[in-house]
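Chemist: Dumping the structure here so I can ask a few things about it.
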Amino acid sequence: MEATPDGNESSRDVKTLFSFYSNYLWNRLTTLFPSSPSNFLEKISNLSRQTALPISAKRRTGLPLPLPSDSFSSTTPMTPEASRVYEVLNDIMDRSILNLHKIQNNLQFWQSRAEGSNARKVYFMIFERGPRAFFNGTVQLMRESVADGSAMQHFSHSASSYISERIAVLSTLRCSLAAFLAEFYMEVDKCGEELVTDPAKSFPSLTVPLNGLFSKLEASIGHLHALRQSNSSVDGTYSFPLLFEKLPEINQEESQWTDCEISDAINLIYRNLQELDSYLALMVAKHKKPTKVTRYWIRYTCGAVGLSVCSFWLLRHSRLMGSSDIDNWIREARESTVSFFNDHVEQPLLSIRDELLDTFKKRQKGVMDMEEVQLTSNSLHRMLLAFSEQTKGEKLPENASDQEMLEIVMARYEKELMHPIQNLLHGELAHALLIQVQKLKLDIEMAMLELDQILRANEINFAILAALPAFFLSLGLIVAVRAWFRQDTRAEGRGRIARIQRRLLIVEVEKTIMQYQTYVDQGLENDAQCMFGMLIYCLDRLYSAVRGQAKTTGEWQCLKQDIIDLGKPGLQTAYKLIVTARMERVYDCLLPSLKRQ
Numbered sequence: 051m052e053a054t055p056d057g058n059e060s061s062r063d064v065k066t067l068f069s070f071y072s073n074y075l076w077n078r079l080t081t082l083f084p085s086s087p088s089n090f091l092e093k094i095s096n097l098s099r100q101t102a103l104p105i106s107a108k109r110r111t112g113l114p115l116p117l118p119s120d121s122f123s124s125t126t127p128m129t130p131e132a133s134r135v136y137e138v139l140n141d142i143m144d145r146s147i148l149n150l151h152k153i154q155n156n157l158q159f160w161q162s163r164a165e166g167s168n169a170r171k172v173y174f175m176i177f178e179r180g181p182r183a184f185f186n187g188t189v190q191l192m193r194e195s196v197a198d199g200s201a202m203q204h205f206s207h208s209a210s211s212y213i214s215e216r217i218a219v220l221s222t223l224r225c226s227l228a229a230f231l232a233e234f235y236m237e238v239d240k241c242g243e244e245l246v247t248d249p250a251k252s253f254p255s256l257t258v259p260l261n262g263l264f265s266k267l268e269a270s271i272g273h274l275h276a277l278r279q280s281n282s283s284v285d286g287t288y289s290f291p292l293l294f295e296k297l298p299e300i301n302q303e304e305s306q307w308t309d310c311e312i313s314d315a316i317n318l319i320y321r322n323l324q325e326l327d328s329y330l331a332l333m334v335a336k337h338k339k340p341t342k343v344t345r346y347w348i349r350y351t352c353g354a355v356g357l358s359v360c361s362f363w364l365l366r367h368s369r370l371m372g373s374s375d376i377d378n379w380i381r382e383a384r385e386s387t388v389s390f391f392n393d394h395v396e397q398p399l400l401s402i403r404d405e406l407l408d409t410f411k412k413r414q415k416g417v418m419d420m421e422e423v424q425l426t427s428n429s430l431h432r433m434l435l436a437f438s439e440q441t442k443g444e445k446l447p448e449n450a451s452d453q454e455m456l457e458i459v460m461a462r463y464e465k466e467l468m469h470p471i472q473n474l475l476h477g478e479l480a481h482a483l484l485i486q487v488q489k490l491k492l493d494i495e496m497a498m499l500e501l502d503q504i505l506r507a508n509e510i511n512f513a514i515l516a517a518l519p520a521f522f523l524s525l526g527l528i529v530a531v532r533a534w535f536r537q538d539t540r541a542e543g544r545g546r547i548a549r550i551q552r553r554l555l556i557v558e559v560e561k562t563i564m565q566y567q568t569y570v571d572q573g574l575e576n577d578a579q580c581m582f583g584m585l586i587y588c589l590d591r592l593y594s595a596v597r598g599q600a601k602t603t604g605e606w607q608c609l610k611q612d613i614i615d616l617g618k619p620g621l622q623t624a625y626k627l628i629v630t631a632r633m634e635r636v637y638d639c640l641l642p643s644l645k646r647q
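Count the sequence shown with our numbering and you get residues 51 to 647, in order.
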């Protein structure tokens with residue numbers, strides 16, 4: 051069982067020796083050629099370095115170096131060595147933040163699992179680590195259940211040990227890398243003016259603290275391979291020790307390094323960064339969270355089985371098996387779709403269009419016209435006039451009102467009702483009843499005329515009301531498509547969830563600032579450096595999250611300066627908290643959705 055680790059260690063030693071001597075011979079060869087071949091070889095070296103180190107090929111749009119704001123505003127052309135100095139400093143910061151992000155992402159997953167209940171931990175150990183862990187865990191659980199009654203308790207303890215081991219390693223990596231990032235950021239902040247004035251001249255003085263930072267990082271995480279427990283759950287060999295190359299010391303006899311010396315120092319820094327990336331990649335890979343496919347392998351397996359059954363079923367009904375069922379189903383589905391479109395989309399839209407455009411043309415003649423009402427009114431007036439003249443026995447004026455004559459009719463009607471049968475045959479009761487029927491007809495016609503006028507005035511409203519279902523359906527589709535395209539789940543989006551994510555980043559920055567000040571007050575220097583590195587990491591995430599939206603609203607310059615101020619080591623904590631409060635209150639991209647105007 052020990053043969054495999056020894057073989058891996060021996061092969062790794064051979065590769066390390068080969069890499070060391072090849073780099074040594076290459077550096078010696080570059081010093082033997084004159085200037086022009088040296089430049090040619092340097093270009094080849096840069097090309098090979100960019101191929102081996104793809105991260106440095108493109109500058110990540112994150113938190114910038116703590117240099118004066120006018121560092122790149124000068125119109126003086128920058129020398130190639132000065133450009134490489136800025137590039138290597140940016141790459142140190144970028145790679146540190148990227149590695150820190152990978153560590154933090156995995157660490158948060160294991161911390162969330164550690165906060166779960168014992169049943170949740172057991173479920174994770176059995177169902178969320180792949181099929182092999184599922185079968186092994188099930189068998190182990192059944193054996194312990196038969197042998198001992200405390201199988202669940204033992205399995206829960208094993209799950210806690212499994213999770214805590216990964217949390218311990220990732221926490222150590224995060225703290226050490228955050229401290230490295232914090233000290234590097236402070237050193238660049240101290241040398242900011244010199245780096246802006248003459249980068250090539252100030253770079254040699256920066257190699258001394260860089261040597262110390264790499265050595266400190268090597269001492270803090272390079273020993274993790276020796277801390278592996280005998281019953282560790284990590285598969286395979288644990289890791290190889292982290293060994294950095296020492297940067298060249300400053301030559302006191304010369305006032306400035308040559309371009310070749312600066313280039314050699316930069317190449318050494320890149321080799322150290324590559325060594326750090328390789329080490330962290332291996333360590334994180336051994337302690338990373340399970341992939342999404344691994345965690346949900348049961349769902350994917352059921353989906354794959356269902357897809358296989360469905361594929362087999364379709365194959366049986368396809369032309370390959372001599373069946374025309376699928377062709378018939380496709381034809382029927384096409385006909386049903388066309389029929390549905392005609393009945394529920396095209397015809398309703400055409401009907402709505404006709405209602406909107408031709409509504410007044412179709413109703414030139416209403417239910418009741420004014421002329422008909424006027425005829426009924428004139429007839430009633432003549433009937434009232436004749437009855438009133440007959441009742442009173444005198445000639446009434448032509449301009450007598452219908453109301454006055456109607457009073458005469460009602461008075462006579464009441465009198466005739468005293469002897470209804472006699473007056474119905476020989477009196478004026480029937481005549482009075484006919485007049486009242488005519489009056490009722492006139493009232494009905496006038497009401498119908500008013501109703502017709504109301505309907506005509508609201509025909510356009512009814513047509514719009516008929517179009518409302520289609521409008522709301524279209525609006526829902528537009529909102530769904532818009533939400534799908536915007537992808538607002540991340541902090542860089544525009545929607546409510548993205549806005550909440552950005553505000554949570556502000557909260558995280560505030561908590562980190564306060565925790566950093568607490569460690570400083572307690573004299574815990576290492577913890578304070580770790581927390582300051584996490585502050586730089588949080589500010590970088592905030593910087594990347596708000597950049598796009600702040601540029602859209604035109605507040606990017608002010609917000610960018612506030613974020614940079616929060617990362618200044620010499621700025622008072624009270625002022626930083628004031629800045630974070632102002633950011634939450636003033637900038638539109640950080641306001642809550644309800645307060646956005």
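Note that the Cβ used here is the ideal one computed from N, Cα and C, for glycine as well.
All values reported here derive from a predicted model rather than from experimental measurement.
Please report how far the alpha carbon of residue 205 lies from the alpha carbon of residue 167, in whole angstroms.
Modeler: When rounded, the distance between both Cα atoms is 13 Å.
Chemist: Here's a check: name, in chain order, each residue in its chain whose Cβ is nearer than 6 Å to the Cβ of residue 81, leaving out the five neighbours to either side.
Modeler: Model confidence at residue 81 stands at a pLDDT of 44, short of 50, so the residue's coordinates are unreliable and nothing is read from them.
Chemist: Excluding the five sequence neighbours on either side, which residues of its own chain have a C-beta within less than 8 Å of the C-beta of residue 488, listed in chain order?
Modeler: Only 426, 429, 430, 433 meet the Cβ criterion.
Chemist: On a CA-only basis, which of 260, 456, 440 is nearest residue 477? Give me that one, please.
Modeler: 440
Chemist: Which of helix, strand or coil does DSSP assign to residue 469?
Modeler: coil
Chemist: With DSSP as the reference, label residue 419 as helix, strand or coil.
Modeler: coil
Chemist: By alpha-carbon positions, which one of 483, 243, 635 ends up nearest to residue 556?
Modeler: 635
Chemist: Going by DSSP in three states, residue 166 sits in which element: helix, strand or coil?
Modeler: coil
Chemist: Given a cut-off of 8 Å, decide if residue 620 and residue 585 are closer than it, judged by their beta-carbon atoms.
Modeler: With respect to residue 620, residue 585 sits apart: the two C-beta atoms are not nearer than 8 Å.
Chemist: Give me, in chain order, the residues of the same chain whose beta-carbon lies closer than 8 Å to that of residue 484; leave out the 5 immediate sequence neighbours on both sides.
Modeler: 433
Chemist: Give the range of the alpha helix (DSSP H) segment to which residue 577 is assigned.
Modeler: 575-603
Chemist: If you measure between the beta carbons of residue 222 and residue 147, is that distance less than 8 Å?
Modeler: no
Chemist: In whole angstroms, what separates the C-alpha of residue 228 from that of residue 197?
Modeler: 47 Å
Chemist: Determine whether the beta carbon atoms of residue 254 and residue 136 lie at a separation below 8 Å.
Modeler: no
Chemist: Three-state secondary structure (DSSP) at residue 447?
Modeler: Looking at residue 447 - three-state DSSP - the assignment turns out to be coil, as it is neither helix nor strand.
Chemist: Report the residue from 190, 274, 232 whose alpha carbon sits nearest the alpha carbon of residue 263.
Modeler: 232
Chemist: In chain order, which alpha helix (DSSP H) runs of at least 4 residues are fully inside the stretch 139-190?
Modeler: 168-177
Chemist: Tell me, to the nearest whole angstrom, how far the beta carbon of residue 157 is from that of residue 217; I am working on the premise that it is less than 8 Å.
Modeler: Under the criterion of beta carbons closer than 8 Å, residue 157 and residue 217 qualify as touching, at roughly 7 Å.
Chemist: Report yes if the C-beta distance between residue 314 and residue 291 is below 8 Å; otherwise report no.
Modeler: no
Chemist: Between which two residues does the alpha helix (DSSP H) harbouring residue 117 extend?
Modeler: Taken as a continuous stretch (DSSP letters only), residue 117 belongs to no alpha helix (DSSP H), as it is neither H nor E.
Chemist: For residue 260 versus residue 226, is the C-beta spacing smaller than 8 Å?
Modeler: no
Chemist: Quick one: using the 10 Å Cβ neighbour count with 16 as the cut-off for buried, is residue 393 buried or exposed?
Modeler: exposed
Chemist: Go through its chain and collect everything with a Cβ distance to residue 460's Cβ below 7 Å, but skip five positions before and after it.
Modeler: none
Chemist: Go to residue 261, then tell me how far its alpha helix (DSSP H) extends in each direction, as first and last residue.
Modeler: 249-271
Chemist: Leaving out five residues on either side along the sequence, give the residues of the same chain with a beta carbon under 7 Å from the beta carbon of residue 112.
Modeler: If we look at residue 112 and ignore the five residues flanking it on each side, its Cβ neighbours are 144, 147, 590, 593, 594.
Chemist: Check residue 621 in the structure and name its three-state DSSP category.
Modeler: coil
Chemist: I need the straight-line Cα distance from residue 599 to residue 532, nearest angstrom please.
Modeler: Between residue 599 and residue 532, the alpha-carbon positions lie close to 17 Å from each other.
Chemist: So, residue 118 versus residue 219, is the Cβ gap smaller than 8 Å?
Modeler: Between residue 118 and residue 219, the C-beta gap is not smaller than 8 Å, which leaves the two residues out of contact.
Chemist: Using a threshold of 8 Å, state whether the C-beta atoms of residue 187 and residue 202 are closer than that.
Modeler: no
Chemist: Ends of the alpha helix (DSSP H) at residue 235?
Modeler: 201-240
Chemist: Report the rounded CA-to-CA distance for residue 638 versus residue 368, giving the unit in angstroms.
Modeler: 58 Å
Chemist: Only counting the same chain, and skipping five residues up and downstream in sequence, which positions put a Cβ closer than 6 Å to that of residue 95?
Modeler: Since pLDDT at residue 95 reaches only 41, below the 50 mark, its modelled position is unreliable, and the value read off the structure follows with that caveat. Closer than 6 Å at Cβ, skipping near neighbours: no residue.
Chemist: For residue 561, report the span of its alpha helix (DSSP H) as first-last.
Modeler: 546-571
Chemist: To the nearest angstrom, how far is the alpha carbon of residue 567 from that of residue 642?
Modeler: Separation of residue 567 and residue 642 (C-alpha to C-alpha, rounded to the nearest whole angstrom) is 28 Å.
Chemist: Under the assumption that residue 640 contacts residue 633 (Cβ atoms under 8 Å), give the Cβ distance between them as a whole number of angstroms.
Modeler: 6 Å
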